[in-house]
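Numbering (my numbering), first residue to last: 66 to 596. C-beta: ideal position from N, C-alpha, C; glycine also.
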Amino acid sequence: MSEEKRGWQWRQKVAWAAPFVLLALVGVLMGLRRPWVEPVPGVRIKMTRPFVRESSLGPESAYWLLLEAVEPPIGVEESVSGGAMGGPEIAPATARKREKVWQHGWTDALEKFPVHPWPRQPPPKRKKGRTGGPGETGKNTTDISPRGPWTLAQYRDIQRRRELYEPKLAILDRARAAPNPQVPTADSCSFELLYLSKVREMARWLSASAQCRAAEGDADGARKDIERMLDMADVVCRGGCLINHLVGIACDAIAAGLTWHLATRRELPIPILRKLAHSFLAHADGAEPFAEAIRSEALLGPSVVPELYRKGSFDFLSGGPSAIPDALKKSAFAVAFLAGSTPAATTANLEACYQHLVAIAGKPYSAKTEGEYGEFLAETFSSRRSTMQIVLRTKDPVGHILASMLLPALERAHSKAAQRDAILRGMALFLAVQAYEAEHGAPPERLNQLVPEYLPRVPNDPFDGKPFRYLPGSVPGLPPKAWAVYSIGQDFSDGGGKAQSVGSPRNGRTTNPDLVWPSQDYPKAPAAGAK
Numbered sequence: 066m067s068e069e070k071r072g073w074q075w076r077q078k079v080a081w082a083a084p085f086v087l088l089a090l091v092g093v094l095m096g097l098r099r100p101w102v103e104p105v106p107g108v109r110i111k112m113t114r115p116f117v118r119e120s121s122l123g124p125e126s127a128y129w130l131l132l133e134a135v136e137p138p139i140g141v142e143e144s145v146s147g148g149a150m151g152g153p154e155i156a157p158a159t160a161r162k163r164e165k166v167w168q169h170g171w172t173d174a175l176e177k178f179p180v181h182p183w184p185r186q187p188p189p190k191r192k193k194g195r196t197g198g199p200g201e202t203g204k205n206t207t208d209i210s211p212r213g214p215w216t217l218a219q220y221r222d223i224q225r226r227r228e229l230y231e232p233k234l235a236i237l238d239r240a241r242a243a244p245n246p247q248v249p250t251a252d253s254c255s256f257e258l259l260y261l262s263k264v265r266e267m268a269r270w271l272s273a274s275a276q277c278r279a280a281e282g283d284a285d286g287a288r289k290d291i292e293r294m295l296d297m298a299d300v301v302c303r304g305g306c307l308i309n310h311l312v313g314i315a316c317d318a319i320a321a322g323l324t325w326h327l328a329t330r331r332e333l334p335i336p337i338l339r340k341l342a343h344s345f346l347a348h349a350d351g352a353e354p355f356a357e358a359i360r361s362e363a364l365l366g367p368s369v370v371p372e373l374y375r376k377g378s379f380d381f382l383s384g385g386p387s388a389i390p391d392a393l394k395k396s397a398f399a400v401a402f403l404a405g406s407t408p409a410a411t412t413a414n415l416e417a418c419y420q421h422l423v424a425i426a427g428k429p430y431s432a433k434t435e436g437e438y439g440e441f442l443a444e445t446f447s448s449r450r451s452t453m454q455i456v457l458r459t460k461d462p463v464g465h466i467l468a469s470m471l472l473p474a475l476e477r478a479h480s481k482a483a484q485r486d487a488i489l490r491g492m493a494l495f496l497a498v499q500a501y502e503a504e505h506g507a508p509p510e511r512l513n514q515l516v517p518e519y520l521p522r523v524p525n526d527p528f529d530g531k532p533f534r535y536l537p538g539s540v541p542g543l544p545p546k547a548w549a550v551y552s553i554g555q556d557f558s559d560g561g562g563k564a565q566s567v568g569s570p571r572n573g574r575t576t577n578p579d580l581v582w583p584s585q586d587y588p589k590a591p592a593a594g595a596k
């Protein structure tokens with residue numbers, strides 16, 4: 066009996082001591098855990114622009130006027146097959162007989178403009194059974210493909226859209242002239258940014274409008290459309306989050322590509338070339354710093370933390386399959402409290418991450434800057450690849466996983482912002498050289514001959530801080546008399562002005578060694594199957 070009593074007493078002592086032993090083990094484990102990020106003293110992650118709510122912006126603010134301007138005009142998507150613009154020859158009696166105007170939509174026109182300039186007069190009415198051959202602009206044709214000649218129905222559809230969009234352009238001009246332009250501050254992931262897709266669509270329309278005006282001899286009207294695109298890009302970036310900046314970058318790229326086409330087709334006279342050269346350089350100088358986009362993300366990222374802990378899941382953050390293993394996600398929340406994951410700890414760690422990124426984003430994008438991004442991301446995330454390491458050895462594994470989902474894309478965004486800067490400055494320089502050539506009969510021998518008559522200074526390449534490179538002749542892949550200005554591009558290596566497409570880091574699936582703006586286009590590769 067005494068043996069049984071002693072055994073019972075021993076088990077009672079073990080049961081009494083077990084919680085204390087467990088707590089001691091937890092304490093040891095917590096002590097062994099390492100913080101995965103440290104704050105950066107003195108780095109400000111609060112946006113430099115004031116926090117602005119949508120409701121605080123008046124109807125005459127740049128934001129509300131912009132929203133009104135980019136809203137598609139009423140009736141713009143109605144079929145042109147009927148009504149006054151259509152005329153009896155394309156007005157069907159039934160929907161079955163309705164003539165198809167575009168193959169994919171009106172944006173087919175954007176592929177058509179470089180191949181077949183906008184006709185000053187309506188193309189002839191199509192005759193039955195007559196099909197125009199390739200390149201027969203203005204001929205009777207049934208070819209409605211994006212690269213086919215203009216048809217009468219397409220001409221009328223574009224003219225109809227021009228009339229409908231004209232009042233919208235007047236509203237856009239009011240938005241451009243509004244004081245202190247700024248979009249509302251996005252302070253949560255539920256903040257709606259649906260208007261940004263309409264901004265991009267407006268940029269595409271302005272590209273079409275400018276090409277119509279230039280072909281009709283209204284070069285100043287084309288210039289205004291180009292500057293509308295540039296100003297619109299500026300407005301959406303001011304106070305906007307990363308998505309705003311990416312849309313602004315896209316708008317600027319559309320404006321630059323359009324301007325190059327108009328300039329090389331000699332549709333812009335010298336005074337317009339001069340004005341646009343100054344406009345592109347001024348927009349590059351006044352662009353919203355990329356660090357502001359990171360500061361905006363520093364407001365958005367921590368905003369998801371309360372919802373994250375309430376749901377106990379990362380699934381609501383990923384729109385599709387996630388690279389984070391399910392086992393890791395579940396394990397992180399299973400031991401969240403014991404592992405040091407609390408809403409306050411996760412928020413603090415996220416803010417520390419954004420401090421590191423803001424410190425890097427404030428520097429010019431260079432090989433060194435790219436290396437700093439890689440070093441920070443590698444040290445912060447890549448060194449803890451296994452589930453057990455992250456869950457058992459990391460303080461706040463929930464914050465670690467969340468940061469690994471939100472942050473890596475920001476490095477790529479900085480390279481896009483630098484590319485935008487290069488495009489704006491490169492286009493300014495290209496236009497100045499072309500204006501000089503038009504006035505003097507030959508391009509300058511050196512870029513400093515452009516200063517101060519054509520530009521206040523020779524702009525620097527954002528990828529290395531040195532002046533843009535210039536080839537007054539002997540451009541790789543082009544005839545001897547062609548000239549070009551170029552940036553070394555995102556590989557930070559001078560490729561001697563080699564490229565296969567204009568002002569772009571890529572040519573289809575291949576990479577261009579440099580960002581090049583030549584005086585004429587590169588020869589196109591023959592289509593597959595062509596002899």
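With contact defined as three or more Cβ pairs closer than 8 Å, the segment 343-356 and the segment 482-489 are in contact. Within the same chain, Pro-537 come within 7 Å of Glu-510 by CB-CB distance, once the 5 residues on both sides are set aside.
Taking 8 Å as the cut-off, the Cβ atoms of Ile-291 and Ala-320 count as close.
In the three-state reduction of the DSSP assignment, Leu-543 falls in the coil class, being assigned neither a helical nor a strand state. Following the DSSP letters along the chain, one finds Arg-118 in no alpha helix (DSSP H), marked with neither H nor E. Note that the segment 228-236 does not touch the segment 250-265; fewer than 3 beta-carbon pairs, one per stretch, sit closer than 8 Å. The DSSP-derived three-state label of Val-180 is coil. Annotated three-state conformation of Pro-106 is coil, per DSSP. For Tyr-128, the three-state secondary structure derived from DSSP is helix. Apart from the 5 residues on each side of it in sequence, Pro-187 sits with its Cβ closer than 8 Å to the Cβ of Leu-217, Tyr-220, Arg-221 in its chain, given in chain order. In this structure Phe-528 is in contact with Gln-555, their Cβ atoms being roughly 7 Å apart against a cut-off of 8 Å.
Ser-552 is bridged by DSSP to Leu-580. Counting C-beta pairs with one atom in each stretch, the segment 107-114 and the segment 469-478 have fewer than three that are closer than 8 Å, which means they do not touch. DSSP, reduced to helix, strand and coil, places Asn-525 within a strand of the structure shown. Between Ile-425 and Glu-437, the CB-CB gap stays under 8 Å.
The beta carbon of Gly-464 sits closer than 7 Å to those of Ser-406, Ala-410, Thr-411, Asn-414, Leu-415, all from its chain and outside the five residues before and after it, given in chain order. When secondary structure is reduced to three states using DSSP, Arg-534 falls in the strand class. A distance below 7 Å between beta-carbons, with the five flanking residues on each side excluded, links Leu-175 to the following residues of its chain, in chain order: Arg-269, Ser-272, Ala-273. Checking the DSSP bridge columns, you'll see Asn-572 partnered with Thr-575. For Glu-476, the CB contacts under 6 Å within the same chain, skipping 5 residues up- and downstream, are Tyr-438 in chain order. A distance below 6 Å between beta-carbons, with the five flanking residues on each side excluded, links Asn-309 to the following residues of its chain, in chain order: Val-301, Cys-302. A direct Cα-Cα distance of roughly 38 Å separates Lys-428 from Pro-179.
For Gln-168, no alpha helix (DSSP H) encloses it, and the DSSP letter there is neither H nor E. A distance below 8 Å separates the beta carbons of Val-264 and Val-312.
Setting aside the 5 residues that flank it on each side, Pro-246 is surrounded in the same chain by Ala-127, Val-300, Arg-303, each with a C-beta closer than 6 Å to its C-beta; the list follows chain order. Leu-327 counts as buried, since at least 16 other C-beta atoms from the protein chains shown sit within 10 angstroms of its C-beta. Assigned with DSSP and collapsed to three states, Thr-250 falls in coil, not helix or strand. Ranked by how close their Cα comes to the Cα of Asp-208, the residues Pro-588, Leu-229, His-169 have His-169 in first place. Between the C-alpha atoms of Ser-431 and Phe-557 there is a straight-line separation of about 7 Å. By alpha-carbon distance to Cys-316, the top candidate from Thr-329, Ala-275, Met-297, Leu-442 is Met-297.
The three-state reading of DSSP puts Thr-459 in strand, counting E and B together.
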